[in-house]
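Undergrad:
There are 2 protein chains.
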Amino acid sequence: MKKRSKLDIGWLRIGAVVLFASGLASSKASATDDIVRDGEYNFLAAQHGDVWAEQDKSIDAKLAEYREQNGGKPPNILYILIDDVSFGQMGNRAMNYVTGIDTQHVNKLAQEGMSLMRMYTEPSCTPTRTAFLTGRHPVRAGVEEVKVALVGEGLASEEVTLPEVLKQAGYNTSHVGKWHQGDIEQSYPHNQGFDWAAFPVHQQVQLSLMTREAMQANNMLGFHPSGQSNEFHIDQRFRPYGLVTGLEGEAGGTAKEIDLQPGEEWTQAHYERMNERYQAQVLEQLENLSQKDDPFFLQYWPLYPLNFAYPEQAISRNGGFHADKLQLLDTWIGELLAKVDELGLREDTVVMLMADNGLMYHYEGTSGLSQLIYRGGKTQHLEGGVRTDAFIRWPGVIEAGSAAGDIVHVSDMFTTFARIANATDYIPRDRVIDGVDQTALLLEGEGNSRRDYVYVYEGPVLRSIVKQEFKMHMPAPGVPGAAAPVFNILRDPREENPQIGNALWSGASFQDMAKRHALTIEKHPHLPLGKGKPYEGIENLRPESIETREVFDSWH
Amino acid sequence: MKKRSKLDIGWLRIGAVVLFASGLASSKASATDDIVRDGEYNFLAAQHGDVWAEQDKSIDAKLAEYREQNGGKPPNILYILIDDVSFGQMGNRAMNYVTGIDTQHVNKLAQEGMSLMRMYTEPSCTPTRTAFLTGRHPVRAGVEEVKVALVGEGLASEEVTLPEVLKQAGYNTSHVGKWHQGDIEQSYPHNQGFDWAAFPVHQQVQLSLMTREAMQANNMLGFHPSGQSNEFHIDQRFRPYGLVTGLEGEAGGTAKEIDLQPGEEWTQAHYERMNERYQAQVLEQLENLSQKDDPFFLQYWPLYPLNFAYPEQAISRNGGFHADKLQLLDTWIGELLAKVDELGLREDTVVMLMADNGLMYHYEGTSGLSQLIYRGGKTQHLEGGVRTDAFIRWPGVIEAGSAAGDIVHVSDMFTTFARIANATDYIPRDRVIDGVDQTALLLEGEGNSRRDYVYVYEGPVLRSIVKQEFKMHMPAPGVPGAAAPVFNILRDPREENPQIGNALWSGASFQDMAKRHALTIEKHPHLPLGKGKPYEGIENLRPESIETREVFDSWH
Numbered sequence: 001m002k003k004r005s006k007l008d009i010g011w012l013r014i015g016a017v018v019l020f021a022s023g024l025a026s027s028k029a030s031a032t033d034d035i036v037r038d039g040e041y042n043f044l045a046a047q048h049g050d051v052w053a054e055q056d057k058s059i060d061a062k063l064a065e066y067r068e069q070n071g072g073k074p075p076n077i078l079y080i081l082i083d084d085v086s087f088g089q090m091g092n093r094a095m096n097y098v099t100g101i102d103t104q105h106v107n108k109l110a111q112e113g114m115s116l117m118r119m120y121t122e123p124s125c126t127p128t129r130t131a132f133l134t135g136r137h138p139v140r141a142g143v144e145e146v147k148v149a150l151v152g153e154g155l156a157s158e159e160v161t162l163p164e165v166l167k168q169a170g171y172n173t174s175h176v177g178k179w180h181q182g183d184i185e186q187s188y189p190h191n192q193g194f195d196w197a198a199f200p201v202h203q204q205v206q207l208s209l210m211t212r213e214a215m216q217a218n219n220m221l222g223f224h225p226s227g228q229s230n231e232f233h234i235d236q237r238f239r240p241y242g243l244v245t246g247l248e249g250e251a252g253g254t255a256k257e258i259d260l261q262p263g264e265e266w267t268q269a270h271y272e273r274m275n276e277r278y279q280a281q282v283l284e285q286l287e288n289l290s291q292k293d294d295p296f297f298l299q300y301w302p303l304y305p306l307n308f309a310y311p312e313q314a315i316s317r318n319g320g321f322h323a324d325k326l327q328l329l330d331t332w333i334g335e336l337l338a339k340v341d342e343l344g345l346r347e348d349t350v351v352m353l354m355a356d357n358g359l360m361y362h363y364e365g366t367s368g369l370s371q372l373i374y375r376g377g378k379t380q381h382l383e384g385g386v387r388t389d390a391f392i393r394w395p396g397v398i399e400a401g402s403a404a405g406d407i408v409h410v411s412d413m414f415t416t417f418a419r420i421a422n423a424t425d426y427i428p429r430d431r432v433i434d435g436v437d438q439t440a441l442l443l444e445g446e447g448n449s450r451r452d453y454v455y456v457y458e459g460p461v462l463r464s465i466v467k468q469e470f471k472m473h474m475p476a477p478g479v480p481g482a483a484a485p486v487f488n489i490l491r492d493p494r495e496e497n498p499q500i501g502n503a504l505w506s507g508a509s510f511q512d513m514a515k516r517h518a519l520t521i522e523k524h525p526h527l528p529l530g531k532g533k534p535y536e537g538i539e540n541l542r543p544e545s546i547e548t549r550e551v552f553d554s555w556h
Numbered sequence: 001m002k003k004r005s006k007l008d009i010g011w012l013r014i015g016a017v018v019l020f021a022s023g024l025a026s027s028k029a030s031a032t033d034d035i036v037r038d039g040e041y042n043f044l045a046a047q048h049g050d051v052w053a054e055q056d057k058s059i060d061a062k063l064a065e066y067r068e069q070n071g072g073k074p075p076n077i078l079y080i081l082i083d084d085v086s087f088g089q090m091g092n093r094a095m096n097y098v099t100g101i102d103t104q105h106v107n108k109l110a111q112e113g114m115s116l117m118r119m120y121t122e123p124s125c126t127p128t129r130t131a132f133l134t135g136r137h138p139v140r141a142g143v144e145e146v147k148v149a150l151v152g153e154g155l156a157s158e159e160v161t162l163p164e165v166l167k168q169a170g171y172n173t174s175h176v177g178k179w180h181q182g183d184i185e186q187s188y189p190h191n192q193g194f195d196w197a198a199f200p201v202h203q204q205v206q207l208s209l210m211t212r213e214a215m216q217a218n219n220m221l222g223f224h225p226s227g228q229s230n231e232f233h234i235d236q237r238f239r240p241y242g243l244v245t246g247l248e249g250e251a252g253g254t255a256k257e258i259d260l261q262p263g264e265e266w267t268q269a270h271y272e273r274m275n276e277r278y279q280a281q282v283l284e285q286l287e288n289l290s291q292k293d294d295p296f297f298l299q300y301w302p303l304y305p306l307n308f309a310y311p312e313q314a315i316s317r318n319g320g321f322h323a324d325k326l327q328l329l330d331t332w333i334g335e336l337l338a339k340v341d342e343l344g345l346r347e348d349t350v351v352m353l354m355a356d357n358g359l360m361y362h363y364e365g366t367s368g369l370s371q372l373i374y375r376g377g378k379t380q381h382l383e384g385g386v387r388t389d390a391f392i393r394w395p396g397v398i399e400a401g402s403a404a405g406d407i408v409h410v411s412d413m414f415t416t417f418a419r420i421a422n423a424t425d426y427i428p429r430d431r432v433i434d435g436v437d438q439t440a441l442l443l444e445g446e447g448n449s450r451r452d453y454v455y456v457y458e459g460p461v462l463r464s465i466v467k468q469e470f471k472m473h474m475p476a477p478g479v480p481g482a483a484a485p486v487f488n489i490l491r492d493p494r495e496e497n498p499q500i501g502n503a504l505w506s507g508a509s510f511q512d513m514a515k516r517h518a519l520t521i522e523k524h525p526h527l528p529l530g531k532g533k534p535y536e537g538i539e540n541l542r543p544e545s546i547e548t549r550e551v552f553d554s555w556h
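Next up, the structure:
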C-alpha cells in the first residue's frame with residue numbers, strides 16, 4: 001500500500017514551515033461548525049465568518065420551516081451523475097444546435113432549477129465519485145483512478161460516505177449504475193452506506209470497449225481474439241480476462257453477479273441490456289423508496305453515454321457513438337423525471353444532475369462529443385477536464401430558471417446535501433473535509449458561494465490551482481514559481497494565452513495558496529486506500545473470475 | 001484594375017467544361033422568380049421547386065395580410081450589425097457566464113424572436129457588408145477587404161444595394177456607423193441608396209488602434225511617433241497619415257467631415273465620442289423616420305466592441321478591451337430597443353441583430369473575446385471566422401423564442417428583406433444573386449431554409465464548401481481532391497479531425513458542387529470593383545487629407 005503521510009502535493013516544492021505558519025496567521029475557526037477544513041477555507045472564513053454565521057441562522061430557519069411543512073422530514077435527494085460529458089453538452093438549446101444532440105429533458109430540468117455554471121469536478125470518474133461520496137479530495141483517501149483490471153483495492157471502509165451520513169439522519173439509500181470505487185468487498189456500495197445497490201464492479205472500457213462490436217466500429221484495437229491470430233502470444237493474461245460484470249447487493253449481505261453466465265462471452269448486446277436494466281431499476285427503486293415513510297437518497301449513475309459501437313439506427317443528428325447515447329439517455333432522464341411527478345414527489349425531492357468530468361477526447365471526431373468551449377478532457381486538469389454541466393432543482397426553495405457563476409466543487413455536494421438533510425452533525429470531525437457548505441448559494445442565490453478556489457489534482461499530483469477568474473498551472477519540478485503560467489479563464493477559456501509577465505502578483509498569491517494547502521496536509525495526513533483480495537463477498541463468482549483472481553493472487 | 005472575368009475560384013483546379021454541363025443537367029428555373037442563381041441553388045430547386053412554389057403562395061398571402069393590417073405598408077426594418085464577435089458571445093446567458101460579459105439586452109432580443117443558429121457570413125468586415133448590401137458573394141463585385149489606407153476603390157455604383165431596392169418600394173433609408181465599403185465617392189452610403197448617412201470612411205484600426213492610448217495599452221506597435229525616435233526614417237508615408245475620419249452626407253449631396261479639425265490629432269477620446277455620437281444619432285434617426293408615412297430601413301453598424309485602450313473603469317467581469325465594450329454596446333442596444341417600444345414601433349418593425357464575422361483572434365487573451373466553440377476568427381474560412389450569432393424579431397409573425405438550425409448566409413438577408421418589403425421585383429435580373437429567399441424559414445420555422453450549402457471565400461479564393469453537416473477545406477493547388485479534408489462540424493466543431501479516408505463519397509460530391517459554382521461564374525463573370533480618386537465629394541477636406549491624397553495620386 002502506498003503511504004501518503006509525507007507531503008505530496010505534486011509539482012510544487014514546499015518552502016519553509018515558517019511561511020506556512022504566517023500564511024495561516026489570520027485564520028480562525030470555521031464560521032459554522034467544528035469540521036476540519038483546508039487552510040484556504042479558513043483563510044476565507046477569517047474574512048467572512050461573521051457574515052456567514054449570521055446568514056446561517058436564517059438558512060437554518062428556512063430548512064426547519066421546510067421540514068415542518070413536510071411532516072418533519074427533510075427532502076428526498078435524487079442524484080444523477082453522467083459519465084464523461086463536457087461543459088455545454090447538456091442543458092442548453094443553443095449548444096444542442098452546435099452538437100446536433102437534443103437534450104431537451106435536461107434542458108427542461110435546467111430551466112426548472114439552478115444552473116451551476118462553474119461546477120468543478122476531479123478530472124476522472126473514480127476520483128470525482130470519491131469526492132462526492134466523501135466530501136474530500138480523493139487524494140486524502142488514497143484514491144486515484146481505478147483501472148480496468150484486478151487491483152485488489154478501492155474506497156476504504158474507514159471513509160465516511162454521504163449515504164452513511166444520511167442514513168444516520170434516517171434516510172433510505174439506493175444506488176443504481178456505475179460505481180467504479182474498487183473491486184474489494186469493503187468498497188462495494190452496499191458496504192459503503194447503501195441499503196441496496198445494482199452496479200458493475202469495473203467500468204465501461206470493460207463493458208463496451210472490450211467487445212467484438214467495438215472492434216468492428218474501429219474503436220478497439222487488439223483486444224478481441226477474432227481481430228488477429230496469436231501464434232506468438234506467450235502471456236495469456238496481458239488482456240484482461242474473467243472480470244466480474246454486474247452485481248447486486250444489500251447492506252450487510254453478499255453480492256450476486258447477474259449479467260453474465262459462466263462461459264458466456266460479453267457482447268455489446270449485454271451492455272445495452274445492462275443499461276436498460278439500470279434504467280428500469282432506477283424507476284423501480286424510485287417507486288419502492290417513495291412508499292416508505294423516511295426520506296430517500298437515490299443515486300443514479302448511468303453507464304451511457306459511454307458506448308463504442310454504432311446503433312442499428314442513430315436517433316440524433318450527430319450520430320457519434322457517445323453522442324447518440326447521450327440523446328437516448330436524455331429521454332431516459334425525461335422518463336425518470338416524469339416518474340418523479342407521477343409519484344407526487346416533485347415538491348419534496350431535490351433533483352441534481354451533473355457530469356463527472358470532461359469528454360473522452362481520445363475518440364474526438366467519431367464519438368460525437370468534442371472539446372467545445374474549454375480545452376482538454378477526461379484525465380486532464382484543464383477546464384475541459386474538470387468543468388461540467390450541473391443543474392439542481394428543488395421547487396419552491398431553489399429559484400427556478402436561476403443560474404450561479406460562483407465556483408462550486410463536486411465535494412461541496414457532500415456537505416451541502418448533509419446540511420439539507422439535517423445531517424451535518426454526522427459529518428466526521430477527525431479528518432479534512434474539502435466540501436464547502438453551499439446551501440447559502442442554493443437558497444440565497446448567485447454570489448453566495450463560500451469558496452472562490454479549487455485545487456485541481458491529476459491522481460496524486462496537484463496540477464492547477466483555481467482562484468476567482470485566475471488559474472495557475474503548477475510549475476514543473478525545479479521551475480521557479482514566477483515562471484508558472486497563469487490564465488484568466490474568462491478572457492481565455494481555453495488556457496492558451498498565459499498572462500506570464502503581467503501576472504506576477506498572482507503567481508505569488510497562488511504560491512501562498514499552495515502553502516496553505518500543504519500545511520493542512522502536513523497536519524492531517526492522507527488516509528490509506530482500502531486494500532484486500534478482489535471479488536470477495538460475491539456469492540456466485542464464475543469459474544473464469546475465480547481463475548483470474550487466482551492468477552492475481554499468485555504474485556501479489 | 002483587377003479583372004475577374006476569367007475563372008478564379010481559388011484553390012480548386014477547374015476540370016473540363018463538359019463536366020460542368022453534366023453537373024447542371026437536371027437543373028431547372030428557380031421556383032419563384034427569374035432571378036439568376038448559383039448552380040447549387042438551381043440543383044436544389046430542381047429537387048424542391050414545386051413544393052417551394054406552393055409554399056410561396058401561402059407566404060405571399062401572409063405578407064399581404066400583414067400589409068393590409070398595417071395600413072397597406074410592409075414593416076420597418078432595423079438592422080444592427082456588430083463587428084468581429086464570434087458565435088456564442090452574445091444572446092446566451094450560459095455563454096455570458098463563460099465569458100464574463102453580460103449581454104442581457106441581446107439575450108432578451110433573442111428570446112423575443114428567432115435565433116438563427118447557423119448563420120454564415122464572409123470572414124471579414126468589408127466582404128460581409130457587401131454580401132448583405134448586394135445579396136452577392138463580394139467576389140462577384142470585385143470586393144475584397146478594404147485596407148486602412150488610401151485605396152481609390154470601393155463598392156461600384158453598378159452594384160444594386162438593398163437600400164436601393166427598398167427605396168423603389170417606398171422605403172426611407174438611413175445608415176449610422178461603420179461602413180467600410182471604400183474611399184471613393186460612388187461607394188459612400190448616401191450614394192449607395194441611403195437618404196442619409198453618418199459613417200467613418202475607413203475602419204477601427206485607424207480609429208482606435210492608431211493612437212497613443214492603444215500604444216500605452218500595449219496593443220499598437222510602432223505607429224505612434226511618441227513610441228520611438230525616428231532618426232533613420234526616410235519614408236514619411238509608411239505610416240498612414242491624414243486619413244479622413246467621420247463623414248455625414250445626404251443622397252445626392254456632398255459629405256462633410258465632422259469628427260476632426262485641421263491639424264488636430266486623433267485620440268481614443270475622439271473615438272469614444274464618435275461611438276457615443278453614432279448611438280445618439282441612431283436614436284435620433286429612429287425618431288425622425290418614425291414620424292414619416294413610409295416605412296423605413298435603418299441600419300446601425302456600431303464601431304464597438306472594437307476598441308484598443310482600457311477604460312477608466314471596466315464594467316464587465318471580463319474587462320478585456322473588446323469584451324468590456326461589448327457589454328457597453330449591449331446596454332446601448334437595450335436603449336435602442338426601448339426607443340423602438342417608446343415610439344410604438346415594436347409590432348411593425350423587423351429587428352435583426354448579428355455580427356459580421358468572428359473575433360480578432362490576434363488579440364486573444366487580452367481583448368477578452370476568445371475562440372469559444374468554433375476554431376479560428378476574422379479573415380479565416382474556419383467556422384470561427386464565418387459563424388456568428390444572429391437574431392431576428394418580428395412580433396406576431398416570427399415565433400418568439402424559436403430557433404432554427406438551418407443554414408443561412410448573410411447574403412440571404414438581401415433577398416429576404418426585399419421579399420418582406422414587397423420589393424422582390426426590384427432585385428436585379430442581370431447578375432447572379434447568391435442570397436436565397438429565407439422568408440419561409442422565418443415565417444414557417446425551422447426546417448424551411450432553401451439552402452443547405454455555403455461557399456466560403458477568403459478574399460478571391462474559395463477556401464471551403466459547406467454542405468449539410470459537412471465541410472470540405474479546398475485542396476491546395478496540385479493536391480488531388482481525394483486528399484481534401486472533410487469535417488463533420490456537429491461531431492467536430494473545431495475542424496480538427498478530418499474524416500479523410502472515410503468520407504471519399506463526400507469528396508466527390510463536393511467536387512461536383514465546386515464545378516456547379518465554377519460554371520455559374522463562367523456564364524456570369526464577376527463585375528469590376530469601383531475605382532476612382534479617393535475622398536472626392538467631401539466638402540471640407542482637411543489640408544492633411546488633401547496632402548495625403550496628392551501623394552497617393554502622384555504615383556497611381
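From first to last, the protein sequence lines are chains S and X.
Residues in the first sequence are numbered from 1 upward in steps of one, following the UniProt record's numbering.
Residues in the second sequence are numbered from 1 upward in steps of one, following the UniProt record's numbering.
The beta-carbon is built from N, C-alpha and C at its ideal position, and this holds for glycine as well.
What does Ser464 (chain S) touch in chain X if you count any residue whose Cβ is under 7 Å from its own?
TA: Result: empty, since nearest Cβ-Cβ is about 17 Å, beyond 7 Å.
Undergrad: Considering only DSSP beta bridges, list what His175 (chain S) is partnered with.
TA: S:Ala197 and S:Gln299
Undergrad: Please report the residue range of the beta strand (DSSP E) in which Ile82 (chain S) lies.
TA: Residues Asn76 to Ile82.
Undergrad: How many Å lie between Glu250 (chain S) and Gln380 (chain S) at the Cα?
TA: One C-alpha to the other measures close to 35 Å.
Undergrad: What in chain B is Cβ-close to Asn318 (chain X), meaning under 7 Å?
TA: Included in the structure are the protein chains S and X, with no chain B among them.
Undergrad: I'd like to know whether the C-beta atoms of Asp83 (chain S) and Leu306 (chain S) end up nearer to each other than 8 Å.
TA: yes
Undergrad: Just to make sure I have the definition right: I need the residues of chain S whose C-beta is within less than 9 Å of the C-beta of Ile373 (chain X). Which are they?
TA: Gly88, Met95, Val98, Leu372 and Ile373
Undergrad: Taking 8 Å as the threshold (C-beta atoms), are Thr211 (chain X) and His202 (chain X) in contact?
TA: no
Undergrad: Would you kindly report the start and end of the unbroken beta strand (DSSP E) that includes Phe87 (chain X)?
TA: Taken as a continuous stretch (DSSP letters only), Phe87 (chain X) belongs to no beta strand (DSSP E), as it is neither H nor E.
Undergrad: Counting only the same chain and skipping the five closest in sequence on each side, list residues whose C-beta sits under 7 Å from that of residue 617 (chain S).
TA: What the structure shows of chain S is the stretch from 1 to 556, and residue 617 (chain S) is not part of that stretch, so it cannot be assessed.
Undergrad: Residues of chain S with a CB under 9 Å from the CB of Asn497 (chain X): which are they?
TA: Residues of chain S whose Cβ lies closer than 9 Å to the Cβ of Asn497 (chain X) are, in chain order, Glu364, Gly365, Thr366 and Ser370.
Undergrad: Beta carbons nearer than 9 Å to chain S: which residues of the region 393-418 of chain X have them?
TA: Ala403, Ala404 and Gly405
Undergrad: Taking Cβ to Cβ, would you say Leu63 (chain S) is nearer than 8 Å to Ile420 (chain S)?
TA: yes
Undergrad: Is the shortest distance between the beta-carbon of Arg494 (chain X) and the beta-carbons of chain S less than 8 Å?
TA: Chain S, which has a Cβ nearer than 8 Å to the Cβ of Arg494 (chain X), makes this yes.
Undergrad: Got a sec: is the Cβ-Cβ distance from Glu213 (chain S) to anything in chain X below 8 Å?
TA: no
Undergrad: Report yes or no: do three or more beta-carbon pairs, one from the region 339-355 of chain X and one from the region 458-473 of chain S, lie closer than 8 Å?
TA: no
Undergrad: Do you know how far the Cα of Gly478 (chain X) is from the Cα of Pro543 (chain X)?
TA: For Pro543 (chain X) and Gly478 (chain X), the gap between their C-alpha atoms comes out near 51 Å.
Undergrad: Can Glu112 (chain S) and Ala400 (chain S) be called in contact, C-beta distance under 8 Å?
TA: Contact flag set, yes.
Undergrad: Between the beta-carbon of Leu372 (chain S) and the beta-carbon of Met119 (chain S), is there less than 8 Å?
TA: No, Cβ-Cβ distance for Leu372 (chain S) and Met119 (chain S) is not below 8 Å.
Undergrad: For chain X, is any of its Cβ atoms less than 8 Å away from the one on Ala31 (chain S)?
TA: With a pLDDT of 44 at Ala31 (chain S), under the threshold of 50, the predicted position of this residue should be treated as unreliable, and no value is reported.
Undergrad: Here's the rule: buried if 16 or more other CB atoms are within 10 angstroms of the residue's CB, otherwise exposed. What is Leu329 (chain X)?
TA: Leu329 (chain X) is buried by the Cβ-count criterion.
Undergrad: Apart from the five residues just before and just after Asp185 (chain S), which ones in its own chain have a Cβ nearer than 7 Å to its Cβ?
TA: Asp is not the amino acid found at residue 185 (chain S); the sequence shown has Glu there. Asn191, Gly532, Glu536 and Gly537.
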